[in-house]
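Here's the structure we're looking at; comments come further down.
In the numbering used here, the protein residues as written are 9 to 396.
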């Protein structure tokens with residue numbers, strides 16, 4: 009006689025049965041086959057407790073030696089989709105009379121998981137600090153960090169502003185995208201007048217004309233429109249001209265323009281102002297001269313020259329043998345410009361001047377190529393570290 013036990017699952021409630029077959033020898037084949045089935049029910053509450061204990065044991069034995077392992081622990085025991093999260097989700101299937109006890113057990117697991125997580129964080133951080141500290145060799149020389157320096161154009165701009173602020177000029181700024189009125193017409197550049205050809209312009213729109221400003225004189229127009237005399241303002245900023253880039257020209261450069269409007273302002277005031285600037289900027293030995301010129305917005309107009317800084321006025325390649333180099337333009341504000349801005353030209357007069365910041369920097373620091381200012385060549389910029 010053979011006894012055979014076959015365990016198998018009955019349903020989803022974890023009920024198990026064992027089928028016992030009594031196999032009868034062939035000689036007694038006339039005896040019918042007998043099968044006994046025993047069903048053992050496993051307590052559901054006990055199963056939950058065993059599962060919780062298994063998770064506790066797993067948490068207690070968990071370890072992490074680096075950030076990746078720490079994250080794996082968090083995903084397994086702390087995140088919403090973790091095994092602890094599944095225990096909380098199972099709460100809805102627990103009978104009401106058992107929920108309180110079950111909830112306490114699950115909360116214990118959660119607290120244990122959180123506590124273990126903090127311990128592992130401290131362990132990983134401690135290991136990381138030890139690893140970093142072990143890599144430090146205190147006998148090695150320190151790493152030299154480059155401190156950088158002020159760009160020569162920035163230094164020149166700040167110096168120009170400082171000089172004019174000390175004699176009462178205030179800073180004013182305006183948009184780099186200008187309309188036709190502020191960039192041309194108000195400054196005595198009538199529409200279709202040949203004077204507009206003096207400045208090659210980048211137009212953004214036509215009719216109405218919108219362009220990148222060709223000078224910071226447009227800022228002076230805005231100041232005169234919104235402020236009553238006396239006016240003493242300085243307008244530094246970036247300007248644009250449609251020119252080929254070379255050692256002496258660029259399509260983007262920087263200007264600073266000054267304006268003084270008040271009663272009884274004359275050309276002598278303009279000359280004294282620029283004499284003061286030249287000597288403060290280039291040195292007390294610097295000489296200044298004015299050459300007659302033409303600008304649509306000033307009358308009379310003059311170019312400003314200073315004695316060559318290289319040869320001291322004796323003549324060299326920089327000054328082309330003349331002993332003089334140009335730094336900007338100037339003149340008395342044309343009455344038409346004052347009237348266009350709503351200022352009574354019979355009562356008020358004024359002077360204006362302008363110069364390229366790149367031009368001033370090239371003369372002061374003896375730089376021969378304009379393109380060096382924008383190419384970010386470290387070898388060039390390193391020479392100005394002392395200007396911090």
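Where is the CB? At the ideal position from N, CA and C, for every residue including glycine.
Starting from residue 7 and walking both ways along the beta strand (DSSP E), at which residues does that stretch end? Since the first residue shown for the chain is 9 and the last is 396, residue 7 is missing from the structure and cannot be characterised.
Verify whether the separation of the beta carbon atoms of residue 5 and residue 197 is less than 7 Å. Past the edges of the chain, shown from 9 to 396, lies residue 5, and the structure says nothing about it.
Measure the CB-CB distance between residue 223 and residue 247 and report whether it falls below 7 Å. yes
Cβ contact (3+ pairs, closer than 8 Å) linking the stretch 187-205 and the stretch 213-221: yes
Which residues does DSSP list as the beta-bridge partners of residue 303? 306
Please identify the residue among 168, 94, 76 and 127 whose C-alpha is closest to the C-alpha of residue 56. 94
DSSP state of residue 343, grouped into three classes? helix
May I have the straight-line CA-CA distance separating residue 229 from residue 165, to the nearest angstrom? 21 Å
Which one or two residues does DSSP pair with residue 244 in a beta bridge? 264
How big is the Cα-Cα spacing for residue 295 and residue 343? 30 Å
Report the three-state DSSP secondary structure of residue 281 (helix, strand or coil). helix
According to DSSP, is residue 93 helix, strand or coil? helix
Per DSSP, what kind of secondary structure is residue 154 in: helix, strand or coil? coil
Please confirm if the stretch 81-98 is in contact with the stretch 120-133, defined as three or more CB-CB distances below 8 Å between the two stretches. yes
Report yes if the CB atom of residue 357 is closer than 7 Å to the CB atom of residue 273, and no otherwise. yes
Just list the residues that DSSP pairs residue 352 with in beta bridges. Looking at the DSSP assignment, residue 352 forms no beta bridge with any residue, so it has no partner.
Classification of residue 291 by the beta-carbon crowding that lies within 10 angstroms, buried from 16 upward: exposed
Quick one: what does DSSP say residue 382 is sitting in, helix, strand or coil? coil
Residue 331 versus residue 152: straight-line alpha-carbon distance, rounded: 44 Å
Does the distance from the C-beta atom of residue 313 to that of residue 297 stay below 7 Å? yes
Own chain, CB closer than 7 Å to residue 64, minus 5 neighbours either side, in chain order: 117 and 120
DSSP-derived helix/strand/coil call for residue 74: coil
I need the boundaries of the alpha helix (DSSP H) containing residue 161, first residue and last residue. 160-173
Determine the direct distance from the alpha carbon of residue 256 to that of residue 310, and round the result to whole angstroms. 21 Å
How would you write the range of the alpha helix (DSSP H) that residue 371 sits in, first residue to last? 365-373
What did DSSP end up calling residue 376 once you bin it into helix, strand or coil? coil
Residue 294 - DSSP class collapsed to helix/strand/coil: coil
So, for residue 207: in the same chain, excluding its five sequence neighbours on each side, which residues have a beta-carbon less than 8 Å away from its beta-carbon? 222, 223 and 249
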